[in-house]
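Okay, so here's the structure we're looking at.
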Amino acid sequence: LGPPAFTTERIWEQTPVGVVMGLAWTSMGGSTLYVEASVVDEGEGKGSITTTGSLGDVMKESALIAFACARDCLRRRDPESDFFQTSRVHIHVPAGATPKDGPSAGCTMITALLSLALGRGALPDLAMTGEVTLTGRILPVGGIKEKVIAARRSGVKKIILPKDNLRDVDELAVEVKEGLEVIFVETIDQVLDVAFPKNE
Amino acid sequence: LGPPAFTTERIWEQTPVGVVMGLAWTSMGGSTLYVEASVVDEGEGKGSITTTGSLGDVMKESALIAFACARDCLRRRDPESDFFQTSRVHIHVPAGATPKDGPSAGCTMITALLSLALGRGALPDLAMTGEVTLTGRILPVGGIKEKVIAARRSGVKKIILPKDNLRDVDELAVEVKEGLEVIFVETIDQVLDVAFPKNE
Amino acid sequence: LGPPAFTTERIWEQTPVGVVMGLAWTSMGGSTLYVEASVVDEGEGKGSITTTGSLGDVMKESALIAFACARDCLRRRDPESDFFQTSRVHIHVPAGATPKDGPSAGCTMITALLSLALGRGALPDLAMTGEVTLTGRILPVGGIKEKVIAARRSGVKKIILPKDNLRDVDELAVEVKEGLEVIFVETIDQVLDVAFPKNE
Chain R
1 LGPPAFTTER
11 IWEQTPVGVV
21 MGLAWTSMGG
31 STLYVEASVV
41 DEGEGKGSIT
51 TTGSLGDVMK
61 ESALIAFACA
71 RDCLRRRDPE
81 SDFFQTSRVH
91 IHVPAGATPK
101 DGPSAGCTMI
111 TALLSLALGR
121 GALPDLAMTG
131 EVTLTGRILP
141 VGGIKEKVIA
151 ARRSGVKKII
161 LPKDNLRDVD
171 ELAVEVKEGL
181 EVIFVETIDQ
191 VLDVAFPKNE
Chain W
201 LGPPAFTTER
211 IWEQTPVGVV
221 MGLAWTSMGG
231 STLYVEASVV
241 DEGEGKGSIT
251 TTGSLGDVMK
261 ESALIAFACA
271 RDCLRRRDPE
281 SDFFQTSRVH
291 IHVPAGATPK
301 DGPSAGCTMI
311 TALLSLALGR
321 GALPDLAMTG
331 EVTLTGRILP
341 VGGIKEKVIA
351 ARRSGVKKII
361 LPKDNLRDVD
371 ELAVEVKEGL
381 EVIFVETIDQ
391 VLDVAFPKNE
Chain G
401 LGPPAFTTER
411 IWEQTPVGVV
421 MGLAWTSMGG
431 STLYVEASVV
441 DEGEGKGSIT
451 TTGSLGDVMK
461 ESALIAFACA
471 RDCLRRRDPE
481 SDFFQTSRVH
491 IHVPAGATPK
501 DGPSAGCTMI
511 TALLSLALGR
521 GALPDLAMTG
531 EVTLTGRILP
541 VGGIKEKVIA
551 ARRSGVKKII
561 LPKDNLRDVD
571 ELAVEVKEGL
581 EVIFVETIDQ
591 VLDVAFPKNE
């Protein structure tokens with residue numbers, strides 16, 4: 001995997017509102033990645049989403065899905081809010097020059113959008129990966145081993161993974177996942193329950 | 201066909217409102233697929249449709265046709281509703297990174313849109329395939345054998361097929377279609393009568 | 401020409417409002433084709449047209465010409481109607497996955513649009529082919545022999561052809577055109593007089 005690039009991998013000690021840590025992988029190995037969400041215009045006109053970060057077509061579609069799904073999630077958590085109906089939001093995935101693609105940042109995008117809408121930071125030292133369908137089901141993703149290694153290397157304590165990736169984690173050597181709490185989920189609401197615990 | 205990938209094929213035990221099971225096939229064999237429809241904005245401005253799921257040009261056109269046709273269907277079932285005139289809807293076909301194309305999910309898309317407009321889930325354990333014309337005629341599709349095998353493998357009990365595919369089903373060995381109720385249709389209204397039975 | 405595919409060629413016994421039968425040909429032979437027109441939005445805002453059916457650039461332009469020309473035709477037939485000024489209409493040419501191109505469906509598209517605007521089905525067992533200019537002149541088209549054969553095979557009784565194709569029909573063997581009434585036209589108004597007879 002080459003030497004770990006700590007300086008770029010962990011940008012924040014604690015992620016602010018609107019920022020959530022995800023996990024990515026390529027043939028070169030895994031890495032953490034951040035999804036940043038920000039409000040461009042609030043309370044005027046229709047909701048919409050802009051994306052940046054050299055995202056490929058699948059990842060751009062993933063952001064559209066995240067936007068629609070986040071709206072449903074917010075409706076269940078804060079029925080009075082019309083945040084996504086009236087706000088223009090922007091999602092960026094640093095570093096800007098690194099091409100990225102794939103659907104596995106779906107749950108990270110939704111969590112970042114909810115963080116923004118709720119005005120609340122996500123649980124510290126948490127990372128996540130998982131494709132999300134339009135109605136909020138979590139689908140399995142690739143590169144579990146590389147992502148787990150990257151999470152530990154970046155000092156993550158808890159990771160959220162799709163339930164359908166259970167076998168991939170079971171097959172990992174104990175040393176690889178040591179000290180890491182893994183939470184398996186089937187729905188985006190389960191992701192949000194972890195990221196925004198009720199009794200905090 | 202290789203080992204069945206149950207975990208990704210059957211995402212829901214029972215599909216929620218806006219989600220309908222379709223059938224797809226490639227040179228690699230058949231599979232079930234889901235069409236998810238969701239409301240992005242309701243009751244404000246003109247109706248429109250967004251699609252995601254790495255859809256090819258024919259399938260994107262199929263969604264436009266489905267949107268126009270669904271409006272006519274709703275007019276016949278609920279003449280007072282202006283749902284499709286005033287709502288921005290979103291159709292997604294998971295998994296996001298799998299390229300898909302072709303017109304055969306037309307009837308599945310229309311059924312998902314009607315489910316959304318009526319606020320009512322489709323009949324459980326139902327799958328369907330069929331191209332739909334703009335005025336609601338059902339045209340035959342390819343891969344009937346592969347689709348029937350995939351439906352049975354996923355525990356589907358009832359499938360809707362185009363009437364012009366009758367011969368393809370007749371030619372199948374009895375073992376292939378055993379235990380599966382096949383309903384042949386000529387119009388989209390016949391599809392909707394099955395998906396949303398009146399006496400339920 | 402291979403075996404005739406009756407089941408897909410004749411979709412309707414009698415075409416409903418907005419649907420008109422045309423004639424197409426390729427190097428593989430002739431076939432009937434349907435143009436379907438449907439209203440997406442009525443009575444609000446500007447008129448516009450959407451097309452689907454894997455249409456090539458020339459055929460997409462042909463639909464734009466048809467939309468403008470249909471407006472003039474309607475003005476002559478029903479001066480009070482503002483249907484095309486205020487409606488968003490959709491033209492589809494099944495089957496969705498079959499690429500189509502060329503200008504020869506122009507008169508079929510205009511007839512389908514007029515059927516929609518007048519709320520009246522076209523004459524039964526009628527098919528037509530002909531390019532239309534923006535001001536309504538009918539230009540000759542190719543594949544007359546193949547189209548005549550396809551029309552007879554599909555049980556068509558009357559076909560409308562451009563007057564400039566008179567020689568092509570004269571050259572056909574009597575058996576080919578037997579039992580088929582051929583009407584030659586120079587203007588789109590002559591087409592519409594046949595499709596929507598006054599004394600019916």
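So the protein sequences, as listed, match chains R, W and G. Just so we're aligned, residue 1 is where the first sequence starts under the working numbering, counting upward by one. Just so we're aligned, residue 201 is where the second sequence starts under the working numbering, counting upward by one. Just so we're aligned, residue 401 is where the third sequence starts under the working numbering, counting upward by one. Ideal Cβ placement from N, Cα and C applies to all residues, glycine included. Predicted model, so just to flag it, every value in this text is computed and none were measured.
Residue burial classification, residue i (beta-carbon count within 10 angstroms, cutoff 16)
i	result
R:Trp12	exposed
G:Ser427	exposed
G:Asp457	exposed
R:Pro79	exposed
G:Leu464	exposed
G:Asn565	buried
R:Arg120	exposed
R:Glu105	It should be noted that the sequence gives Ala, not Glu, for residue 105 of chain R. Under this definition R:Ala105 is a buried residue.
R:Ala173	exposed
R:Ala95	exposed
W:Val299	Rather than Val, the amino acid found at residue 299 of chain W in this sequence is Pro. Under this definition W:Pro299 is an exposed residue.
G:Val419	buried
For residue i, the nearest candidate out of the options (CA to CA)
i	options	result
R:Leu161	R:Thr133, R:Arg120, R:Val169	R:Val169
G:Glu575	G:Ser431, G:Lys545, G:Thr451, G:Tyr434	G:Lys545
G:Pro440	W:Gly342, W:Thr335, W:Val394	The amino acid at residue 440 of chain G is misidentified as Pro; the sequence shows Val. Here the closest residue by C-alpha is W:Thr335.
R:Ser38	R:Leu118, R:Ser81, R:Val132, R:Asp72	R:Leu118
W:Val235	W:Lys260, W:Ile249, W:Met309	W:Met309
W:Trp225	W:Ala373, W:Arg337, W:Ala350, W:Val382	W:Ala350
R:Arg167	R:Val132, R:Thr187, R:Gly142	R:Gly142
G:Glu461	G:Ser481, G:Arg537, G:Val532, G:Thr587	G:Val532
R:Gly103	R:Ser87, R:Gly47, R:Leu74, R:Arg137	Per the sequence shown, residue 103 of chain R should be read as Pro rather than Gly. The shortest Cα separation from R:Pro103 among R:Ser87, R:Gly47, R:Leu74, R:Arg137 belongs to R:Arg137.
G:Thr486	G:Leu474, G:Ser448, G:Arg410, G:Arg553	G:Ser448
G:Lys446	G:Arg488, G:Leu474, G:Arg475	G:Arg488
One or two residues paired with residue i in a DSSP bridge
i	result
W:Ala327	W:Met221, W:Ile359
W:Phe384	W:Leu361
G:Gly429	G:Thr426
W:Ala349	The question names Ala, but residue 349 of chain W is Ile in the sequence shown. BP columns for W:Ile349 are empty, so no partner.
G:Lys500	G:Leu455
G:Thr450	G:His490
R:Val132	R:Ile138
For residue j and residue i, the rounded distance between their alpha carbons
i	j	result
W:Leu314	W:Ala268	12 Å
W:Lys347	W:Val356	11 Å
W:Gly253	W:His290	11 Å
R:Lys158	R:Met21	11 Å
R:Asp211	G:Thr451	Outside the displayed range of chain R (1 to 200) lies residue 211 of chain R, so it cannot be described from this structure.
W:Glu378	W:Arg277	34 Å
W:Cys307	R:Thr15	45 Å
W:Ala297	R:Gly130	12 Å
R:Val17	G:Arg471	55 Å
G:Ala527	G:Thr511	11 Å
R:Val191	G:Ala466	52 Å
G:Phe596	G:Asp589	10 Å
R:Leu123	G:Met459	56 Å
W:Leu233	R:Leu139	13 Å
G:Asp593	W:Val385	35 Å
W:Leu223	W:Gly229	11 Å
R:Ile183	R:Lys163	8 Å
R:Phe83	W:Phe283	22 Å
R:Leu55	W:Leu380	43 Å
R:Asn199	R:Asp125	18 Å
G:Arg552	G:His492	24 Å
Residue i: contacting residues in chain W (beta-carbon distance under 8 Å)
i	result
R:Pro103	Ala295, Gly296, Ala297
G:Ile411	Thr333, Arg337, Leu339
R:Asp72	Ser238
Listed by chain order, chain R residues near residue i by CB distance under 9 Å
i	result
W:Asp325	By Cβ distance, chain R contributes nothing, its closest Cβ being about 18 Å from W:Asp325, past 9 Å.
W:Thr250	Leu64, Ala68
Contact set between residue i and chain W, taken where Cβ atoms lie within less than 9 Å
i	result
R:Gln190	The premise fails here: R:Gln190 is roughly 15 Å from chain W at the closest Cβ pair, so nothing lies under 9 Å.
Chain W contact residues for residue i, given Cβ-Cβ distances below 7 Å
i	result
G:Pro416	Thr335
R:Lys145	Per Cβ cutoff of 7 Å: no residues; R:Lys145 is ~18 Å from chain W at best.
G:Glu436	Thr333, Leu334, Thr335
R:Ala68	Ser238, Val240, His290
Residue i: contacting residues in chain G (beta-carbon distance under 7 Å)
i	result
W:Val258	Ser454, Gly496, Ala497
Listed by chain order, chain R residues near residue i by CB distance under 7 Å
i	result
W:Val356	Within 7 Å Cβ-Cβ: nothing; W:Val356 doesn't reach chain R, min ~18 Å.
W:Val219	Thr135
(message) At a CB distance below 7 Å, what residues from the region 168–195 of chain R approach chain C? Give them in sequence order.
(response) This model lacks chain C altogether; the protein chains it does include are R, W and G.
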